[in-house]
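Before any comments, here is the structure.
Residue numbers (the numbering used here), protein chains in the order written: chain C, -5 to 282; chain S, 6 to 229.
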């Protein structure tokens, strides 16, 4: 399997937070959803992949190249949408296009114009007068117009209304139609990831909890409900976390097929990515 | 046609401050033309325009900071070195272009309005020479300020960079009072001006190059 991004044992230490031995990869031709609670280390990892931070250990390769030493070469092949990091908002789309044409050797002015038309982005209006949705679309038009092979998106769709988000998700699926293209997508909106991601990477407290195919993940994980005090009865269930409500108890398992077979009377529901994240983050301290 | 990304970065900075720069220069031009006519000399105009341009260019750093441009730029086919060199080019290029044009303009206005069209060459030499001297002082100041902006950011560098502008002006007064009599009695015609200017420009070039190297190092060490 070919990888667009390979991260091995990445470590980065701050005063109050550390990334510890973070390892995962982005297989070429796939969309990888990168999830984790606020402060889990998603942005630090992405910044390390982009060569924006000096790492303390580990190895990162983007298309087999070093993100700091080969910055110029990698920059030609990637498109980025990072929340709050873009051109000065006093520029308009025409000016951004003129600048990018000088910055990117493979800049496709016609494609850029197509994206601007498709997203109804006015050419002469300064970006500062755009709505939040329009700004994100402007960032996407700019990220895609040089025919990148990899898109790296850090919270790119957060704060957007469902209509714009749906447009952006369609764009992802179009982009990925070419099997040489890949997307690393960090997002809090896990329902979007359920729609488009092929793999899910979950980071918690600076450590990778898992990287798994999304379909396998949704097949293996389930939320089970039982009465309070019954938990110890389900010996064959591999319980990752639990939470109590007033009337019953819910727990997350990662061996759902076996649990369904062993305890047919137990109420089990497919776990959403949100459930998995919540149980891990909130339930990790109470893991049975 | 393929161009070096530095030209794209310069264009981006120009677009970012174009409106502000034009307003600033326009306003200063009007104010100092009026003052010049009242005082019957345009000698203040180049200095004030250069100061105005330098101040306007600071806003590039401010805009870059607020839009987190450097982090975005470094994901493009751009290196920290490109970012730094483009800043030096736009800063020095902008200042020298405006400085020299303003010096020529003020010399021409002085000649036409206040010298009845006479002594044109002398006025030109004095005007451009004076402008060049101010440019050299500003160049030195900026060679200290750019690394400070890059290292500390606009907010934290506000006090030290203000001092770098104030110190040369404040230093002029004791210098003039101490050296004034000696300077006044000096035989200026014996000075080999071409050599003095050449040495001054060569020294300046070395200082600016060192400043640029320091700035590149700062940007390479920085985390975004």
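Idealized CB from N, CA, C, for every residue including glycine. Keep in mind the model is a prediction, meaning the values are calculated, not measured.
Checklist line | CA-to-CA distance, residue 256 of chain C to residue 229 of chain C, given in whole angstroms | finding: 10 Å
Item checked: Close beta carbons around residue 129 of chain S, own chain, < 7 Å, minus the five adjacent residues each side -> 112
Notebook entry, point to check: Can we say the stretch 18 to 38 of chain C touches the stretch 190 to 203 of chain C, given the rule of at least three CB pairs closer than 8 Å?
Noted result: yes
Checklist line | Assigned secondary structure, residue 164 of chain C (DSSP; H/G/I helix, E/B strand, else coil) | finding: helix
Notebook entry, point to check: Among the residues of its own chain, which have a CB less than 6 Å from the CB of residue 253 of chain C, if the five just before and after it don't count?
Noted result: 231 and 247
Next item on the list: Report the residue from S/205, S/79 and S/203 whose alpha carbon sits nearest the alpha carbon of residue 46 of chain C.
Entry: S/79
Next item on the list: Using a cut-off of 7 Å between C-beta atoms, extract the partners of residue 10 of chain S located in chain C.
Entry: 96 and 97
Note to self: Let me confirm a value: residue 235 of chain C is counted as buried when at least 16 other C-beta atoms fall within 10 Å, else exposed. Which label applies?
What the structure shows: buried
Notebook entry, point to check: By the criterion of Cβ-Cβ separation under 8 Å, what are the contact partners of residue 223 of chain C in chain S?
Noted result: Near residue 223 of chain C there are no residues of chain S at all, since even the closest Cβ is about 51 Å away, more than 8 Å.
Next item on the list: Name the two residues that bound the continuous beta strand (DSSP E) containing residue 219 of chain C.
Entry: 216 to 221
Notebook entry, point to check: residue 258 of chain C: buried (16+ other C-beta within 10 angstroms of its C-beta) or exposed?
Noted result: exposed
Note to self: So for residue 56 of chain S, helix, strand or coil by DSSP?
What the structure shows: helix
Note to self: Within 8 Å of any Cβ in chain C, is that where the Cβ of residue 83 of chain S sits?
What the structure shows: yes
Check: Considering only the beta carbon of each residue, do residue 109 of chain C and residue 139 of chain C sit closer than 8 Å?
Finding: yes
Margin query: Between the alpha carbons of residue 190 of chain S and residue 184 of chain S, how many angstroms are there, rounded?
Written below: 10 Å
Checklist line | Residue-level contact to chain C via CB, residue 17 of chain S, 8 Å cutoff | finding: yes
Checklist line | CB contact flag (residue 54 of chain S, residue 33 of chain S, <8 Å) | finding: yes
Note to self: Between the stretch 96 to 110 of chain C and the stretch 174 to 189 of chain C, can you find at least three pairs of beta-carbon atoms closer than 8 Å?
What the structure shows: no
Note to self: Under 7 Å, CB to CB, which of the residues in the stretch 56 to 85 of chain C have a partner in chain S?
What the structure shows: 65, 66, 69, 70, 72, 74, 76, 78, 79, 80, 81, 82, 83, 84 and 85
Next item on the list: Return the residues of the stretch 22 to 54 of chain S that lie within a Cβ-Cβ distance of less than 7 Å from chain C, sorted by chain order.
Entry: none
Next item on the list: Output the boundary residues of the alpha helix (DSSP H) element that contains residue 128 of chain S.
Entry: 125 to 161
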